[in-house]
Each structure stands twice: as C-alpha cells, then as structure tokens.
Amino acid sequence: MTAVRCGLVHDPIDTAAVLADVGRAGAGANVLFLGTTRGLTGDVVTRGLEYEAHEPLAEARMRGLAEEAVKTFGLTACAVVHRLGSVPVGEASVAVATSAPHRREAFAGAEWLMERIKRAVPIWKCEEAEDGSRTWVHPDAEPGP
Amino acid sequence: MTAVRCGLVHDPIDTAAVLADVGRAGAGANVLFLGTTRGLTGDVVTRGLEYEAHEPLAEARMRGLAEEAVKTFGLTACAVVHRLGSVPVGEASVAVATSAPHRREAFAGAEWLMERIKRAVPIWKCEEAEDGSRTWVHPDAEPGP
Amino acid sequence: MHVSLFAGMAEAAGRRRLDVAWQEGTVADLRAALARQCPAVVPLLGRSAIAVDGRYAADTAAVSAGADVAVIPPVSGG
Amino acid sequence: MHVSLFAGMAEAAGRRRLDVAWQEGTVADLRAALARQCPAVVPLLGRSAIAVDGRYAADTAAVSAGADVAVIPPVSGG
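Residue numbers (this note's numbering), protein chains in the order written: chain A, 1 to 145; chain B, 1001 to 1145; chain C, 2001 to 2078; chain D, 3001 to 3078.
Here it is as structure tokens:
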C-alpha cells in the first residue's frame, strides 16, 4: 500500500473512505480533518461555496505536500481529497487524514497539511451570500510556489 | 442540541456517528481522532487489547473534560466515546470529535482532550502479547484526580 | 464494606471486590486495612487513588461504613 | 498562445481563456502582454503567479510559443 492518496472530486467526499485509507496495523493514531461549508460566520449567512482548481497543478501540489508531511512528521500514511464545484452548507470541501504510531505526529501532520493546502494549492473558493451575490476569494497573501 | 456527547460502549465504535455528532452550521472545522489497536509496535506483535473502566466515574470524568474543552478552546461541539472489552487490532478503542468555526481550535481541542483522557479517566488497558500472555498497563505517573 | 478493584489491582488480589470489616475512619485507615487484608495489592495500592461515592478522596477524608469505595490504579485508557 | 484563467481572473476578463499573440519572451513580457490585451485583469494579475507547463515560473523565465500557460491568483481552497 502506498503511503499517500490524493485526489480532486466533483461529488460529495466519502469521508469514511478517506479515513479508512490511512488505517494501518502499525498506526495507533488516526486523525481526520474535514473543512465544511459554514452556513453562518458570526451573523453573516452563506448560502453555499463553489470551488474551482487548476486541476493538474493542484493534484501535483497536493501530492507533493502529502509526501512532505509523511517525511517531516513520520506519518504512516496520509490522504487528501478536495471537492470542486458547488459545496452546500454542512458538506465537506476538503478532507485530510493522517495516521502514525502515536497521536502527536498524526495531529501535527494533519494540521500542517491543512495549513499548506490552504496557502499553496491552486484551488479557489467563491462565496454565495444570502442575497445571491457571488465573490471569488483571493486573499492578500501571495500564492507562494 | 447539546454541545457535548460522551459515552462508553462495549461494541465497535460507530466512528461516522461520532463525527456527525459534532457537525454544526457554524462550524467549518471538524476533527476526528481515533486511537486504534496497534498490531505492531516496532517489532513487537500485539494480538489485541482489552479495556475496563470504573464506568460511572469514567463517564463523569469524560463529560467534565469535554465540557472543559468546549469552554477552553471555544469549541462548537465535542464528542468522546471509549470502547470497553476486547478491541481487536485495527479497531478503535477511543474516538474524539471536535468542531469549531476555525481549524486551530478544533485541532487544539481534540489533542488536549486525548491527552487528558489518557491521563485522567479511570480506564485501563490490558495488552495481549503474541504468546498469549496478558499484562495490565499501569504507568508510573500518578492518576491525578 | 465492599471495595471494588480493577485491572491490575483485581489481578493482584485475585478478585474484583474485597469485603473489609469497617466502622469508620479515613481513607488512609482504609488503605492500611486493605494492605493487611490482602498484602498482594500493596505495591500497586501505593500508586493508586481511592474513589469514595464516585469522587476521588484525599487520604485525610472520612469514609463512612456505607460508602461506595473503589481503588483506582494508574490509568491507561485511550 | 492560450492562457488559462481561473476564479476572479476569469471573472475580471469575462472569459476563461485569453489568446495572446506570442513568439517568445519572458514571463514578465507575458504579463505585460496580458495587461495590454485585457486591462481589467491588471489588479489581480499583479498578485498572481504564472504557471508554465504545469510549474510556477519566475518572471525571468522564458516562455516558448507552444507553452501551456495559466494565471494563478491568490488561492483560497480548504
């Protein structure tokens, strides 16, 4: 079994499968992170999100980051799936799973991966507000290579 | 919906249900941790683990810790389930789920909870080795109240 | 009075419950009574907490005759 | 040469692809050509990276006429 599984999907993420992907006999610690569409941010209502990606570049970057996480944190396995297209409130846009012999590495690897995915993978989010207006999100920070 | 769900179970943990328990419209970050029985620790083979608990005290402690995690980390919701009895290799003995508006709090809350659960909840593990010998694990650190 | 034992304590005692003759006294007195009655538990008892009526109790706390008592050895859940 | 646009870049340009007359030059030259051809993309272009043949490219890198080029504005996945 390879240590890394990455992918982009256009349908709901099978989160149980992402978690199952990292299960190994030598790994006692398994972490799954799901980033879900918030319907409320403070008082602001979001109807839904839409994502698009430079798909080949995004897949390559996700794989590179996952491999780096395995090496840096000594992970047993790691899986990353990002959903594209419309993601309704409460559904997951991204799932990251890690496994490791012990929990510190599994937590640290998953948190680092999410941090990097948000900053360095060419995927973009469009927010649909309550009034139907749509806004692509391009944070001020530069997209680092 | 209450923010905290805790429980002891004597059968396989429904990990998808534990994660679903913490899903909320205002929570964009969801973390699930599973502690699973390692079949291998380095070169040492484990056949399985068995857990027992002072059940009423363990449930009260788990609930107290979960409530403290919600308050300390600003979690939206939190769920903790520990399995008792025999837990075969690869299956989960403990599941902790957290949700929060943002990922830092969800990760920090889940990691803190696991740390505290391992140190402060009256649950004990018995390791069954390859040769069938069984050993109850009682670490040197004092069980703090 | 019944004292509940768990895990390695139960294994050391060869049983899950000890019946201790008890009228009144402190947790420290109870520890001494348990040690007298079942010397095999002594090493682990010294590293264990005592729960009385579902709460951890200090060695100076009083234990009534009808109390629900459990010995809580160092934990290893998770 | 086709240049792929995404998200707010595609929205600003009103299209997902720009066709740029191109023989050869650097990434910086290409940025200038895109700005001339579609001034609406200028604000976001200044904050965007350029990917050439599936890799991020520095402004000094050469871009051949047959290259596969994409503009990568600041990302917001997750």
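C-beta: ideal position from N, C-alpha, C; glycine also.
Predicted model, so just to flag it, every value in this text is computed and none were measured.
Return the chain-ordered list of same chain residues with a C-beta closer than 8 Å to the C-beta of F3006(D), the five sequence neighbours on each side being excluded. Excluding five sequence positions before and after F3006(D), the CB atoms of its chain that fall closer than 8 Å to its own CB belong to R3016, A3070, V3071, I3072 and P3073, given in chain order.
Closer than 8 Å, Cβ to Cβ, to anything on chain A: give me those residues from the segment 1013-1042 of chain B, in chain order. Listed by position along the chain: T1015, A1016, L1019, G1023, A1025, G1026, A1027, G1028, A1029, N1030, V1031, L1032, F1033, L1034, G1035, T1036, T1037, R1038, G1039, L1040 and T1041.
Take the Cβ of T1036(B) as the centre, count every other Cβ of all protein chains shown within 10 Å, and call the residue buried at 16 or more, exposed below. T1036(B) is buried by the Cβ-count criterion.
W1124(B) bridges to which residues according to DSSP? DSSP output for W1124(B) lists E1052(B) as bridge partner(s).
Starting from L1113(B), find everything on chain C with Cβ-Cβ shorter than 8 Å and list it in chain order. Here the premise fails: no neighbours, minimum Cβ distance about 10 Å.
Of all the alpha helix (DSSP H) runs that stay within the bounds of the segment 1058-1142 of chain B, which reach a length of 4 or more residues? Correct list: 1103-1120.
Simplified DSSP state of D2019(C), which is helix, strand or coil: Secondary structure at D2019(C): strand, using DSSP grouped into helix, strand and coil.
Could you tell me the distance, in whole angstroms, from the CA atom of G3008(D) to the CA atom of H54(A)? The alpha-carbon atoms of G3008(D) and H54(A) are separated by roughly 13 Å.
Of all the residues that make up the segment 1057-1069 of chain B, which are near chain C by a beta-carbon distance shorter than 9 Å? Listed by position along the chain: L1057, A1058 and A1060.
CB of V3027(D) within 9 Å of CB of D3059(D), strictly: Taking 9 Å as the Cβ cut-off, V3027(D) and D3059(D) qualify as a contacting pair.
Residue(s) in a DSSP beta bridge with A2049(C): Beta-bridge pairing links A2049(C) to I2072(C).
If you measure from the beta carbon of V1081(B) to each beta carbon in chain C, is any gap under 9 Å? No, no contact with chain C.
Cut-off 8 Å between Cβ atoms - residues of its own chain near A2035(C), not counting five sequence neighbours on either side: Cβ neighbours of A2035(C) beyond the five flanking positions: V2041, V2042 and L2045.
Interface residues of the segment 2040-2051 of chain C facing chain B [CB-CB below 8 Å]: Going along the segment 2040-2051 of chain C in chain order, one finds L2044, R2047, S2048, A2049 and A2051 with a Cβ nearer than 8 Å to chain B.
Name the DSSP bridge partner or partners of V4(A)? Note: V4(A) sits in a beta bridge opposite C78(A).
Between V2075(C) and chain B, is any beta-carbon pair separated by less than 9 Å? At least one chain B Cβ lies under 9 Å of V2075(C).
CB contact flag (L34(A), L1032(B), <9 Å): Yes, Cβ-Cβ distance for L34(A) and L1032(B) is below 9 Å.
Any beta carbon of chain D sitting closer than 9 Å to that of D140(A)? Chain D, which has a Cβ nearer than 9 Å to the Cβ of D140(A), makes this yes.
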